[in-house]
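First residue of the sequence shown? That's 0 in numbering that gives the first Met the number 0, and the numbers climb one at a time after it.
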Amino acid sequence: MKHLLSIADLDRAAIEGLLDLADHFTEVLERDIPKVPALRGMTVATLFFETSTRTRLSFEKAAKALSADVLNFNPSGSSLSKGESLKDTVLTVQAMGTDLMVVRHGAVGAPARVASWVDCPVINGGDGAHQHPTQALLDALTLRRRFGKLDGLRVAIVGDIRNSRVARSNIDAFTALGAAVTLVAPPTLLPLEIGSYPVSTSTELESILGDLDVIYLLRVQLERGSGPVLPSLPEYVARYGLDRRRFGLLGKEAVVMHPGPMNRGIEIASDVADDPRALITDQVSNGVATRMAVMFRLLTGKGQP
Ligand code: CP
């Protein structure tokens with residue numbers, strides 16, 4: 000594995016190998032001194048051309064837990080405003096001695112372009128509505144920890160699937176690991192390429208809640224143009240929001256997931272987000288060990304420490 004650009008590039012064994020490695024790094028993070036010297040002397044650069052809280056911070060935390068140095072590139076205040084291109088920006092960062100780049104960009108394929116220009120491994124930290132592979136891995140890890148395995152799990156991904164890189168990555172990861180995925184959304188928020196996915200679809204949420212092990216909620220991405228294809232946000236909430244009453248229709252063991260950032264009161268009611276069966280903070284915590292695993296694998300070539 001030279002880069003991590005898409006979950007579609009990984010087979011089941013590769014995904015499970017990364018999850019096994021993440022389990023090991025979880026144990027490292029629970030030690031009194033949660034740090035190992037695995038990447039000492041190496042430099043990880045995070046280049047986020049779109050906003051982020053979880054992904055950027057957890058990559059930084061993960062790199063430091065592996066004893067790597069971290070360079071954070073911030074586009075606002077950078078020489079992009081003077082007309083410097085994406086290519087010259089990443090070549091500049093590489094020339095400072097960068098061993099791995101994490102790239103988030105609003106344009107589909109931007110991390111892959113970066114990978115074609117630089118000599119070091121590149122991790123896709125999210126590109127447009129295309130892929131967010133480390134999110135899918137940390138979500139798979141969260142489910143494996145909760146249920147032991149994903150085989151046979153019934154997962155509904157609910158919301159703005161058309162604009163969601165998380166949905167596309169998670170469909171790839173969850174189905175590769177044996178889960179049965181149903182996409183639930185208004186017709187205008189289902190992806191145009193829906194026929195190419197090994198999933199079922201529903202435009203109705205309430206009747207399927209009792210059959211689920213996992214409900215995975217997505218934010219309505221107004222910044223990617225979802226607003227105009229919905230009659231109104233209140234109607235969306237009325238039909239697809241997970242409120243306390245609908246939460247009560249889930250099976251007793253079913254769990255709620257969300258990649259964040261959440262819009263409390265829209266796709267998820269605030270009290271549901273704070274329920275013990277909502278795994279949202281577990282997802283965030285598992286992100287650190289998952290990103291340690293991916294960086295360790297890319298930079299050492301080893302499948303185990
Ligand atoms: N889930 C996720 O990618 O969150 P951020 O946008 O905060 O990184």
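No residue lacks a Cβ here, since even glycine has one placed at the ideal position from N, Cα and C. For clarity, every value in this text was computed on a predicted model and none was experimentally measured.
Any non-hydrogen atom of the ligand CP within 7 Å of residue i CB
i           : result
residue 260 : yes
residue 105 : no
residue 125 : yes
residue 290 : no
residue 77  : no
residue 134 : yes
residue 129 : no
residue 163 : no
residue 53  : yes
Range of the contiguous alpha helix (DSSP H) that encloses residue i
i           : result
residue 286 : 279-299
residue 239 : 232-239
residue 90  : 85-94
residue 19  : 11-28
residue 113 : 109-116
residue 305 : No answer is possible for residue 305: the residues shown for the chain start at 0 and end at 304.
Delimiting residues of the beta strand (DSSP E) encompassing residue i
i           : result
residue 193 : That residue, residue 193, is in no beta strand (DSSP E); it is neither H nor E in DSSP.
residue 104 : 99-104
residue 311 : Lying outside 0 to 304, the shown extent of the chain, residue 311 is not represented and no answer is given.
residue 69  : 68-72
Residue i (DSSP reduced to helix, strand or coil)
i           : result
residue 124 : strand
residue 136 : helix
residue 45  : strand
residue 2   : coil
residue 255 : strand
residue 217 : coil
residue 263 : strand
residue 268 : coil
residue 209 : helix
residue 228 : helix
residue 143 : helix
residue 77  : coil
residue 305 : What is shown of the chain runs 0 to 304, which leaves residue 305 out entirely.
For residue i: DSSP bridge partner residues
i           : result
residue 181 : 155, 199
residue 223 : Looking at the DSSP assignment, residue 223 forms no beta bridge with any residue, so it has no partner.
residue 276 : Partner(s): none; residue 276 has no beta bridge.
residue 130 : 126
- Message: Could you check whether the region 116-136 touches the region 288-295, counting it as contact only if at least three pairs of C-beta atoms, one from each stretch, sit closer than 8 Å?
- Response: Contact holds: three or more Cβ-Cβ distances are below 8 Å.
- Would the region 86-94 and the region 43-57 be scored as touching if the rule is three or more Cβ pairs under 8 Å? These segments touch.
- Message: With three or more beta-carbon pairs closer than 8 Å as the criterion, would you say the region 143-161 touches the region 56-73?
- Response: Too few Cβ pairs lie closer than 8 Å, so no.
- Query: How do the region 216-235 and the region 152-163 stand: do at least 3 beta-carbon pairs fall below 8 Å, yes or no?
  - Reply: In short, these stretches touch, since the Cβ pair count reaches three.
- Task: Please determine if the region 249-263 and the region 179-192 are in contact, where contact requires at least 3 C-beta pairs separated by less than 8 Å.
- Result: Verdict: no, contact absent.
- How about the region 114-134 and the region 51-63: do they share at least three Cβ pairs that are nearer than 8 Å? Touching, yes.
- Item | Stretch pair the region 267-280 + the region 236-248: three plus CB contacts closer than 8 Å | Enough Cβ pairs lie closer than 8 Å, so yes.
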